[in-house]
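Quick mapping for you: the protein sequence lines, in order, are chains A and B.
Per full-length UniProt numbering: the first sequence = residues 1 to 178.
Per full-length UniProt numbering: the second sequence = residues 1 to 178.
Idealized CB from N, CA, C, for every residue including glycine.
Notes follow once the structure below has been shown.
There are 2 protein chains.
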Amino acid sequence: MGRNSRKIEILHAASKVVSDQGIFNLTLEAVAKEAGISKGGLLYHYPSKEALVHGMVEHLANNYREKISNNAENDPIDKGKWIRAYVDVTFNQTYQNKNMHYGLLAAKAVSTNSLDPIRELYSEWQREIEHDGIDPVKASIIRLATDGIWLSELFDIYHIGEDKKKAIFKKLKDWANE
Amino acid sequence: MGRNSRKIEILHAASKVVSDQGIFNLTLEAVAKEAGISKGGLLYHYPSKEALVHGMVEHLANNYREKISNNAENDPIDKGKWIRAYVDVTFNQTYQNKNMHYGLLAAKAVSTNSLDPIRELYSEWQREIEHDGIDPVKASIIRLATDGIWLSELFDIYHIGEDKKKAIFKKLKDWANE
DNA sequence: GAAAGTGTACCGTCCGGATAGTATAGTTAA
DNA sequence: TTAACTATACTATCCGGACGGTACACTTTC
């Protein structure tokens, strides 16, 4: 268990704190406790709270970017591969390690520019999606609807039922194939 | 200028603080300063920070609810009137007093149940939208895409250009008429 | 009709608790 | 034995909220 995996464990712990206790309880002590280390140990790895949050966002961004570009590259059909990759990965991400998204919540709270990696990621994808062979307005709508699901869940505004989510997923994928 | 309008002024001040300085700077002192009153005066109107945030959410929810139900009631065509009202009002809301949405950001940060009025609102609309004569999955997608726009703007993840936004608005409205 | 009382709006100060970050001594592993 | 890491003790700061007043418009009571 090298340095790096410990650092990532800490990031997961931080996400869990945000998810369980809210942004205001994302304290260094709470994260240390959740990660099973001391506050000093935490500060050894991430010398400030901002650095910790930055780590969360960067980890999320790297994961997301890699998954989506892999997915797009392995798509046999060229037309619409980016929007399909986006929909696929986002849905699966939402099912699996949902709580990594909480890094965004933390980032939004902590400082203005800690969301920069995410913003960059999104403008990249927007470019790809719009030059992907399908109607850019339609592609944008598919993407916005996908975002609407996880954002409203992250925000806890409303949670869509599993069955309905699957139906929506299917229809969005269909549209991305037309 | 009665008691009520002063209270609403304070809510706007609080939203402005969140929008300009972020959630962590939503302090009683900052809000008081923005509203041009003292901390004591602020606490007179809202006896705690939680009460203040609750006021923000409730104000937003009431406004939103009223606008959408008015809009739906005045729609000459019955089929799809709720989803149309939702799309219309949300787009216009986003253009106009965008910063009221910041109450949600504050609510999400402050406590678990301060978002309750919003959650209730959303489940009401979801019910209406799904029994509105058009395909519920399609209606849900229209609604999710609408949410995706303002949520990603609120989150500052990415901002869609005005032209594209109008095109999306138009297409969503078309779909809501089919 | 004036003295006494009441309610509303607001101000400025103070305090306790929480928290980010520092310092440093100790421990483990290569 | 040195770099990676932990644990603890401590400091400085910030913030929510309590509180004691002030101002003033009203109403009631004698």
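Backbone CA spacing between residue i and residue j [nearest angstrom]
i	j	result
Ala13 of chain A	Lys33 of chain A	9 Å
Thr146 of chain B	Ser152 of chain B	10 Å
Met1 of chain B	Lys7 of chain B	The predicted position of Met1 of chain B is uncertain, since its pLDDT is 41 and thus under 50; no value can be drawn from it.
Ile168 of chain A	Thr27 of chain B	40 Å
Lys67 of chain A	Val89 of chain A	7 Å
Glu73 of chain B	Trp125 of chain B	14 Å
Lys108 of chain B	Leu115 of chain A	18 Å
Pro136 of chain A	Gly41 of chain B	52 Å
Trp82 of chain A	Asn70 of chain A	10 Å
Lys39 of chain B	Asn177 of chain A	57 Å
Leu144 of chain A	Ser111 of chain B	27 Å
Ala106 of chain B	Glu29 of chain B	15 Å
Lys166 of chain A	Asn62 of chain B	32 Å
Lys171 of chain B	Ile118 of chain A	27 Å
Lys173 of chain A	Gly22 of chain A	33 Å
residue 180 of chain A	His45 of chain B	Outside the modelled stretch of chain A, which goes from 1 to 178, sits residue 180 of chain A, for which no answer is possible.
Asp78 of chain A	Arg65 of chain A	18 Å
Ile160 of chain B	Leu104 of chain B	21 Å
Lys164 of chain A	Leu121 of chain B	19 Å
Asn113 of chain B	Asn113 of chain A	29 Å
Arg127 of chain B	Glu50 of chain B	29 Å
Chain-ordered neighbours of residue i on chain B, where CB pairs are closer than 8 Å
i	result
Lys171 of chain A	Val137, Lys138, Ile141
Ala167 of chain A	Val137
Chain-ordered chain B contacts of residue i [CB-CB under 9 Å]
i	result
residue 193 of chain A	Past the edges of chain A, shown from 1 to 178, lies residue 193 of chain A, and the structure says nothing about it.
Beta-carbon proximity list for residue i, same chain, < 8 Å, skipping 5 on both sides
i	result
Phe155 of chain A	none
Val31 of chain B	Ile10, Ala13, Ala14, Val17, Leu42, Leu52
Asn4 of chain B	none
Closer than 7 Å at the beta carbon, the chain A residues around residue i
i	result
Gln93 of chain B	Within 7 Å Cβ-Cβ: nothing; Gln93 of chain B doesn't reach chain A, min ~15 Å.
Boundaries (first-last residue) of the alpha helix (DSSP H) holding residue i
i	result
His59 of chain B	49-73
Leu26 of chain B	Here Leu26 of chain B belongs to no alpha helix (DSSP H), and DSSP marks it neither H nor E.
Asn177 of chain B	162-177
Lys79 of chain B	From DSSP, Lys79 of chain B is part of no alpha helix (DSSP H); its letter is neither H nor E.
Leu42 of chain A	39-45
Leu115 of chain B	From DSSP, Leu115 of chain B is part of no alpha helix (DSSP H); its letter is neither H nor E.
Close beta carbons around residue i, own chain, < 6 Å, minus the five adjacent residues each side
i	result
Tyr102 of chain A	Ser15, Val18, Ser19
Ala139 of chain A	Ile83, Ile129
Tyr158 of chain B	Ser152
Beta-carbon proximity list for residue i, same chain, < 7 Å, skipping 5 on both sides
i	result
Asn25 of chain B	Val17
Leu11 of chain B	Gly55, Met56, His59
Gly80 of chain A	Asp132, Gly133, Ile134, Ala176, Asn177
Ala85 of chain A	Ile68, Asn71, Ala72, Asp75
Ile142 of chain A	Ile83, Val87, Leu172, Trp175, Ala176
Asn92 of chain B	none
Chain A contact residues for residue i, given Cβ-Cβ distances below 8 Å
i	result
Ala109 of chain B	Gly22, Ile23, Phe24, Ala109
Ile118 of chain B	Ile157
Per-residue contacts from residue i into chain B (C-beta, under 7 Å)
i	result
Lys148 of chain A	Note that residue 148 of chain A is Gly in the sequence shown here, rather than Lys. Under the 7 Å cutoff, chain B gives Leu144, Ala145, Asp147, Gly148, Leu151.
Practice task
Return the residues of the UniProt domain "HTH tetR-type" (4-64) of chain B that lie within a Cβ-Cβ distance of less than 9 Å from chain A, sorted by chain order.
Solution key: Gly22, Ile23, Phe24
Exercise for the section: Please list the residues of the segment 65-89 of chain A that have a C-beta atom closer than 9 Å to any C-beta atom in chain B, keeping them in chain order. Expected result: none
Exercise for the section: Pull out every residue of the segment 122-133 of chain B whose Cβ sits closer than 8 Å to any Cβ of chain A, in chain order. Expected result: Tyr122, Ser123, Gln126
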